[in-house]
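Undergrad:
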Amino acid sequence: MCVQFIRNSLFHSVLQINNLAGTRGERLLFKNLSFAVNGGELLLIKGRNGAGKTSLLRLICGLATPETGEILWDGESIANIRSEYFRSLVFVGHDNGVNLDLTVQENLNFHQALKGNPSAHSIPEVLEQLGISRYLRVPCRFLSAGQKRRVALGRLAISDARIWLLDEPFNSLDERALDAVKNLIIQHLDQGRLCLATSHQTIDWRDKKVNQIRLGEDS
Numbered sequence: 083m084c085v086q087f088i089r090n091s092l093f094h095s096v097l098q099i100n101n102l103a104g105t106r107g108e109r110l111l112f113k114n115l116s117f118a119v120n121g122g123e124l125l126l127i128k129g130r131n132g133a134g135k136t137s138l139l140r141l142i143c144g145l146a147t148p149e150t151g152e153i154l155w156d157g158e159s160i161a162n163i164r165s166e167y168f169r170s171l172v173f174v175g176h177d178n179g180v181n182l183d184l185t186v187q188e189n190l191n192f193h194q195a196l197k198g199n200p201s202a203h204s205i206p207e208v209l210e211q212l213g214i215s216r217y218l219r220v221p222c223r224f225l226s227a228g229q230k231r232r233v234a235l236g237r238l239a240i241s242d243a244r245i246w247l248l249d250e251p252f253n254s255l256d257e258r259a260l261d262a263v264k265n266l267i268i269q270h271l272d273q274g275r276l277c278l279a280t281s282h283q284t285i286d287w288r289d290k291k292v293n294q295i296r297l298g299e300d301s
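Here the sequence shown is numbered in the numbering used here, starting from 83 and rising by one per residue.
#1: Determine the burial state of residue 287: buried for a count of at least 16 other Cβ atoms within 10 Å of its Cβ, exposed for fewer.
#2: Report yes if the CB atom of residue 237 is closer than 7 Å to the CB atom of residue 172, and no otherwise.
#3: Could you compute how far the alpha carbon of residue 223 sits from the alpha carbon of residue 183?
#4: Using 10 angstroms around the beta-carbon of residue 86, count the other beta-carbons present and answer buried if the total reaches 16, otherwise exposed.
#5: With DSSP as the reference, label residue 289 as helix, strand or coil.
#6: Looking only at its chain, what residues have a beta carbon closer than 8 Å to the beta carbon of residue 268, apart from the 5 residues adjacent to it on each side?
#7: Determine the burial state of residue 137: buried for a count of at least 16 other Cβ atoms within 10 Å of its Cβ, exposed for fewer.
#8: Tell me, please, whether the region 174–189 touches the region 245–252 by the rule of three or more beta-carbon pairs shorter than 8 Å.
#9: Taking all protein chains shown into account, decide if residue 239 is buried (16 or more other Cβ within 10 angstroms of its Cβ) or exposed.
#10: Take the Cβ of residue 206 as the centre, count every other Cβ of all protein chains shown within 10 Å, and call the residue buried at 16 or more, exposed below.
#11: Going by DSSP, what residue range makes up the alpha helix (DSSP H) through residue 208?
#12: When you compare the CB positions of residue 296 and residue 135, do they come within less than 7 Å of one another, or not?
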């Protein structure tokens, strides 16, 4: 069964990055970085290992503070609208953020309650599309790496978030799961929402508007 994640309302939102600089320890990763991502667009963040791709995502989701520059969401600095902004996004990083002692359903229930903006789609529907519905009541410590990754990515579809920030989302996924996650992202873009992702895989994004930035080259 293929569950379609389509909503009626479209959002024309803009994420604006102005003259951003980021560091790791004493090392400058990038500076004077500026770009915008509009609703319906996917931005792929490219660069060699250590170029600052993950650091950039952490800055955008508010887990770190830039050395200089600002991040605007719909024209407002995220520093001034932190609660609203955090409700508007979902971040899936290298660390799946899965509680191994909780079942798959308990993990997703917790995330849904934490975000406070559930989508119209049930957890069983989402797990069916991701191919792990049989593990609904299984503690996550008994899942494989790929299954845990799918649980983490399931947070995307159960949330009504307008911004998806994804750090190598296709890692540890088999072909079926990769296609399912790709379709989730495409459906998200079809709703006029936006996504920023790092990925070393070559993906066919159909007719979606896809832009790229590359860190480590005059950034």
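Quick reminder that beta carbons are idealized off the backbone N, C-alpha and C, glycines included.
TA: So, from the listed chains and residues:
#1: exposed
#2: yes
#3: 6 Å
#4: Residue placement at residue 86 is flagged as unreliable, the pLDDT there being 35, under the threshold of 50; the coordinate-derived value follows with that caveat. Its Cβ having fewer than 16 others within 10 Å, residue 86 is exposed.
#5: coil
#6: 287, 288 and 290
#7: buried
#8: yes
#9: buried
#10: exposed
#11: 205–212
#12: no
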